[in-house]
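K.L.:
My questions will all concern the structure given below.
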Amino acid sequence: MEEIIEILQDLHPDVDFETCDTLIDDKIIDSFDIVTIISEINENFDVVIPAEEIIPENFNSAKALSELVKRLSDE
Amino acid sequence: MLFTSIEFIAFLALVFLLYYVLPKKCQWPLLLIFSYAFYWIADPRYIIFILVTTVSAYLITLKLAAINTASSEYISAHKELAKEEKKAYKAAMKAKKWRWLLLCLFINIGILAVTKYTNFVIGNINSFLDGESKIKAVDMIIPMGISFYTFQTVGYVIDVYRGKQEVQRNPFKLALFVSFFPQLVQGPISRYGEMSKTLFSEHRFSGKVFSFGMMRILWGYFKKVVIADRLITAVTVLVGDTKLYTGSYVFVAMLFYAFELYCDFTGGIDITIGIGEAMGIRLPENFNLPYFSKNIKEYWNRWHITMGTWFTDYIFYPISVCGPMLKISKWSRKHLGEFIGKRVPVYLSSFAVWFTTGIWHGAAWNFIVWGLMNFVVIMISQELEPLYARFHEKFKVRGRVPYEVFQVIRTVLLMSAIRMFDCYRNVPLTFKMVGTMFTEFNPQIIFDGSLLKLGLGAADYIVLAAGFIIVLGVSLVKLKLVSVREALYERPAILYFGAMALLLVATLLFGAYGVGYDSSQFIYNQF
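Sequence order for the protein chains is A and B. Just so you know, the first sequence maps onto residues 1 to 75 in our numbering. Just so you know, the second sequence maps onto residues 1001 to 1527 in our numbering.
Rendered as structure tokens:
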């Protein structure tokens, strides 16, 4: 989770990613951010997030994102 | 059959009448019959193309769904499998599905590519050949709305492939989703999951729902016939003579075309959505006040929304996260540094999206350059974002109305200038003509009566000015998140129906009909 928050904070230092759970709904992160996040996750965790997992529920919060990474690395 | 023709109005009246008079279970089959009739009237040969798309999508999605079901049944029946074995099984199943998806893409994108781009390719090859060896252009049928229904159908197939969408086992229901007549002309590009919620259900007549739909249809006609079809006269004259109409004339053409395209496209979509609404069918919104955007990226989130989200979901993301792209990204981080490495996937995928957006709009270089100009501007503004943030911080302009107005005007002007590629249809000529705005100083043409020689008289300009004020007023109300129709409906009925009657009368009286009226085709129909 901490590493994920670091990746996110690199993109938007002014957002509180610990608590925010409307990153997509409130348009805080956009499609460019999502692609950067996915490439960072691939670099740091060696996990590939496929296109079908790019849905608001998986990207709305740092928690959801880290759960997605955990699920994909367990699969 | 144009939306603006008497034939279409009669066709629509018959659809509405039968839709509510016949038993409710006949509603969606009736729409299917009328959708095919609409297509048949346009050109009977078109039916073959839409049938190939429908049948291929139907059969392939059944196959994809069968693989999805079989693989989840296998996984749950074999809990003893090791993680690696499960992974290998899933990969094999995915590869199998991928082959079916490729077949679907090959058929459908293949038809789209051959019908729309054969002559473009021939033209480009010919530019390298001598007189006698030139290849003859092919007389190709381009089925009406092929880009729209192909994208809509392919989106559905990909959703089933991804396991995000239940398969439709009734071929006739799928056929209606592909061919629903109001959106065949110019979209919007619907998603099956959303559209199927209301398309196949039974709808009882409701005065409010029906009149809301009618109000939206009238609003669409007003924008199309009173404003867009009037402006097209002046725009055609202005871009038709590139020797005479330079400098400030180009600026006028730019603004006129921006307003014409807005009224044409949003008007057409209002008619489409309104037809759906009148029958209780919800279609996706395609616009969200695009001319109030503060930058181009925002503009593209608010203009032709269904195309933008389609490109993001089915082109931008898949390209950005595919294996080769992640490898390129890793390689670039290692060899070119973090700064460039991080940007590679975004840049390459965005380039692919904007190239496709350009060529989707038309098989010509002017459209490709138009798409790539958007790409360049978006990327520059993306890179300049930290600089903008510092500027906003230093001068405390964020949220200030005058600065926001400046941002909106800047975006409108920039978008309108880029769109001139669409008008002149020639890349060097467009650069030259837009350049004359800065090299030739003739602003007097705006006031000295020169604009009255463009095929529009003083009365036309009065109608256009009134139209502009009405469109702006409605947009400002919407900006406050108020539904104009709801607001009117809550007031005495005389106001609500009075507004509707006014719209109807204004459209009938002030529509740009003229002698031997033949309304122009919607601009987006050609895409």
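We treat Cβ as the ideally placed atom computed from N, Cα and C, and that holds for glycine.
Look at the alpha carbon of Trp1100 of chain B and the alpha carbon of Phe1438 of chain B, and state the distance between them as a whole number of angstroms.
P.N.:
Within the second sequence, numbered from 1, the residue matching residue 1100 of chain B stands at position 100. Within the second sequence, numbered from 1, the residue matching residue 1438 of chain B stands at position 438. For Trp1100 of chain B and Phe1438 of chain B, the distance between alpha carbons rounds to 54 Å.
K.L.:
Would you kindly work out how many angstroms separate the C-alpha atoms of Tyr1517 of chain B and Thr1153 of chain B, rounded to a whole number?
P.N.:
Residue mapping note: residue 1517 of chain B aligns to position 517 of the second sequence, counting from 1. Residue mapping note: residue 1153 of chain B aligns to position 153 of the second sequence, counting from 1. Bear in mind that a pLDDT of 48 at Tyr1517 of chain B, under 50, signals an unreliable position, so the number given afterwards is only what the model happens to contain. Whole-angstrom Cα-Cα distance: 36 Å.
K.L.:
Are the C-beta of Tyr1317 of chain B and some C-beta of chain A separated by less than 8 Å?
P.N.:
Here the question's residue 1317 of chain B lines up with position 317 in the second sequence. Cβ-Cβ to chain A under 8 Å: yes for Tyr1317 of chain B.
K.L.:
Helix, strand or coil: which one does DSSP assign to Trp1331 of chain B?
P.N.:
As a first step, residue 1331 of chain B is located in the second sequence; it is residue number 331 there, counting from the start. Reduced to three states, the DSSP call for Trp1331 of chain B is helix.
K.L.:
State yes or no: is the beta carbon of Arg1390 of chain B nearer than 8 Å to at least one beta carbon in chain A?
P.N.:
Counting from 1 along the second sequence, the entry for residue 1390 of chain B is found at position 390. For Arg1390 of chain B, the answer is no, since every Cβ of chain A falls outside 8 Å of its Cβ.
K.L.:
How should Glu1277 of chain B be labelled, buried or exposed, when 16 other C-beta atoms within 10 angstroms of its C-beta is the threshold for buried?
P.N.:
Walking along the second sequence from the start, residue 1277 of chain B turns up at place 277. Result: buried.
K.L.:
Mind pulling the chain A residues with CB within less than 7 Å of Ser1349 of chain B?
P.N.:
By one-based count along the second sequence, residue 1349 of chain B stands at place 349. Here the neighbours are Val35.
K.L.:
Using only CA atoms, which one of B:Ile1142, B:Phe1311 and B:Gly1123 lies nearest to Ser1133 of chain B?
P.N.:
One-based indexing of the second sequence puts residue 1133 of chain B at position 133. Ranking B:Ile1142, B:Phe1311 and B:Gly1123 by Cα distance to Ser1133 of chain B puts B:Gly1123 first.
K.L.:
With distances taken Cα to Cα, identify the nearest neighbour of Ser1201 of chain B among B:Ser1127, B:Ser1035 and B:Leu1176.
P.N.:
Position 201 of the second sequence holds residue 1201 of chain B. Closest by alpha carbon: B:Leu1176.
K.L.:
Return the chain-ordered ranges of every alpha helix (DSSP H) run that is complete within the stretch 1418 to 1501 of chain B and spans a minimum of 4 residues.
P.N.:
As far as the stretch 1418 to 1501 of chain B is concerned, its whole alpha helix (DSSP H) runs of at least 4 residues are 1420 to 1424, 1427 to 1439, 1458 to 1479 and 1484 to 1489.
K.L.:
Could you tell me the alpha carbon to alpha carbon distance between Thr1507 of chain B and Ala1466 of chain B, rounded to whole angstroms?
P.N.:
What you label residue 1507 of chain B is simply residue 507 of the second sequence in a count that begins at 1. What you label residue 1466 of chain B is simply residue 466 of the second sequence in a count that begins at 1. Those two C-alpha atoms are separated by around 13 Å.
K.L.:
What did DSSP end up calling Ile1041 of chain B once you bin it into helix, strand or coil?
P.N.:
In the second sequence, residue 1041 of chain B corresponds to position 41, counting from 1. In the structure shown, Ile1041 of chain B sits in a helix (DSSP, three-state: H, G or I).
K.L.:
Nearest chain B C-beta to Ile28 of chain A closer than 8 Å, yes or no?
P.N.:
By 1-based counting over the first sequence, the position of residue 28 of chain A is 28. Cβ-Cβ to chain B under 8 Å: no for Ile28 of chain A.
K.L.:
Determine, using beta carbons only, whether Gln1165 of chain B and Thr1272 of chain B come nearer to each other than 8 Å.
P.N.:
As a working mapping, residue 1165 of chain B is identified with position 165 in the second sequence. As a working mapping, residue 1272 of chain B is identified with position 272 in the second sequence. No, the pair does not count as a contact, with Cβ atoms beyond the cut-off.
K.L.:
Taking DSSP as the reference, what is the three-state secondary structure of Gly1337 of chain B?
P.N.:
By 1-based counting over the second sequence, the position of residue 1337 of chain B is 337. In the structure shown, Gly1337 of chain B sits in coil (DSSP, three-state: anything other than H, G, I, E or B).
K.L.:
DSSP on Val1052 of chain B, reduced to helix/strand/coil?
P.N.:
Against the second sequence, residue 1052 of chain B aligns to sequence position 52. Helix.
K.L.:
Listed from N- to C-terminal order along the chain, which residues in the stretch 1069 to 1090 of chain B have their beta-carbon within a distance smaller than 9 Å of any beta-carbon of chain A?
P.N.:
Within the stretch 1069 to 1090 of chain B, the qualifying residues are Lys1083, Lys1086, Lys1087 and Lys1090.
K.L.:
Determine the direct distance from the alpha carbon of Phe1316 of chain B to that of Ala1352 of chain B, and round the result to whole angstroms.
P.N.:
The sequence position of residue 1352 of chain B within the second sequence is 352, counting from 1. The sequence position of residue 1316 of chain B within the second sequence is 316, counting from 1. Going from the Cα of Ala1352 of chain B to the Cα of Phe1316 of chain B covers about 8 Å.
K.L.:
Could you work out which residue in B:Gly1435, B:Thr1150 and B:Arg1230 is closest to Ile1109 of chain B when comparing CA atoms only?
P.N.:
By 1-based counting over the second sequence, the position of residue 1109 of chain B is 109. Measuring from the Cα of Ile1109 of chain B, the nearest candidate turns out to be B:Thr1150.
K.L.:
By alpha-carbon positions, which one of B:Gly1220, B:Pro1188 and B:Lys1083 ends up nearest to Leu1283 of chain B?
P.N.:
Here residue 1283 of chain B refers to the residue found at position 283 of the second sequence. Here the closest residue by C-alpha is B:Pro1188.
K.L.:
Could you give the C-beta distance for Val1230 of chain B and Val1463 of chain B, rounded to a whole number, given that I count them as a contact under 8 Å?
P.N.:
As a first step, residue 1230 of chain B is located in the second sequence; it is residue number 230 there, counting from the start. As a first step, residue 1463 of chain B is located in the second sequence; it is residue number 463 there, counting from the start. For the record, residue 1230 of chain B in the displayed sequence is Arg; it is not Val. Right, the Cβ-Cβ distance comes to about 7 Å (below 8 Å), so this counts as a contact.
K.L.:
Taking the straight line between their C-alpha atoms, what separation do you get for Gly1399 of chain B and Asp1313 of chain B?
P.N.:
Walking along the second sequence from the start, residue 1399 of chain B turns up at place 399. Walking along the second sequence from the start, residue 1313 of chain B turns up at place 313. Between Gly1399 of chain B and Asp1313 of chain B, the C-alpha separation is close to 31 Å.
K.L.:
Find the residues of chain A that neighbour Arg1333 of chain B, judging by a C-beta separation of less than 8 Å, and give them in chain order.
P.N.:
Against the second sequence, residue 1333 of chain B aligns to sequence position 333. Result: Glu43.
K.L.:
List, in order along the chain, the chain B residues whose C-beta lies closer than 8 Å to that of Glu52 of chain A?
P.N.:
For the purposes of this step, residue 52 of chain A is taken as the residue at position 52 of the first sequence. Simply Arg1162, Gly1163 and Lys1164.
K.L.:
Does the distance from the C-beta atom of Thr1309 of chain B to that of Thr1436 of chain B stay below 8 Å?
P.N.:
In the second sequence, counting from the first residue as 1, residue 1309 of chain B sits at position 309. In the second sequence, counting from the first residue as 1, residue 1436 of chain B sits at position 436. It is not a contact, given that the beta carbons lie outside the stated cut-off.
K.L.:
Might you give, ordered along the chain, the residues of its own chain that have their beta carbon closer than 8 Å to the beta carbon of Val1515 of chain B, omitting 5 neighbours on each side?
P.N.:
In the second sequence, residue 1515 of chain B corresponds to position 515, counting from 1. Because Val1515 of chain B sits at a pLDDT of 45, beneath the cut-off of 50, its placement in the model cannot be relied upon, and the point is left open.
K.L.:
At a Cβ threshold of 8 Å, is Val1346 of chain B touching chain A?
P.N.:
For this step, residue 1346 of chain B is matched to residue 346 along the second sequence. Judged by the 8 Å Cβ criterion, Val1346 of chain B is in contact with chain A.
K.L.:
How would you call Ile1269 of chain B, buried or exposed, if buried means at least 16 neighbouring beta carbons within 10 angstroms?
P.N.:
Against the second sequence, residue 1269 of chain B aligns to sequence position 269. Classification for Ile1269 of chain B: buried.
K.L.:
Does DSSP classify Phe1106 of chain B as helix, strand or coil?
P.N.:
As a working mapping, residue 1106 of chain B is identified with position 106 in the second sequence. Note: Phe1106 of chain B maps to helix in three-state DSSP.
K.L.:
Take Met1001 of chain B and list the residues in its own chain whose beta-carbon comes closer than 7 Å to its own, dropping the five residues that flank it on each side.
P.N.:
The residue given as residue 1001 of chain B occupies position 1 in the second sequence. Glu1007, Phe1008, Phe1011, Phe1038, Ile1041 and Ala1042.
K.L.:
Look up Ile1135 of chain B in the DSSP assignment and say whether it is helix, strand or coil.
P.N.:
Locating residue 1135 of chain B in the second sequence gives position 135, counting from the first residue. In the structure shown, Ile1135 of chain B sits in coil (DSSP, three-state: anything other than H, G, I, E or B).
K.L.:
Using the three-state DSSP reduction, which class does Arg1204 of chain B fall into: helix, strand or coil?
P.N.:
Here residue 1204 of chain B is taken as the residue at index 204 of the second sequence, counted from 1. Correct three-state label for Arg1204 of chain B: coil.
K.L.:
Looking only at its own chain, which residues have a Cβ that is under 8 Å from the Cβ of Tyr1347 of chain B, when we skip the five neighbours before and after it?
P.N.:
Indexing the second sequence from 1 puts residue 1347 of chain B at position 347. Here the set comprises Met1379.
K.L.:
Comparing the C-beta of Phe32 of chain A with each C-beta of chain B, is any distance below 8 Å?
P.N.:
Position 32 of the first sequence, counting from 1, holds the residue named residue 32 of chain A. Output row for Phe32 of chain A: interface = yes.
K.L.:
With distances taken from CA atoms, which of B:Phe1034, B:Phe1003, B:Cys1026 and B:Pro1023 is nearest Val1015 of chain B?
P.N.:
Taking the first residue of the second sequence as position 1, residue 1015 of chain B is located at position 15. Measuring from the Cα of Val1015 of chain B, the nearest candidate turns out to be B:Phe1034.
K.L.:
Mind pulling the chain B residues with CB within less than 9 Å of Glu75 of chain A?
P.N.:
On the first sequence, position 75 is the one that residue 75 of chain A refers to. Correct list: Lys1083, Lys1086, Lys1087 and Lys1090.
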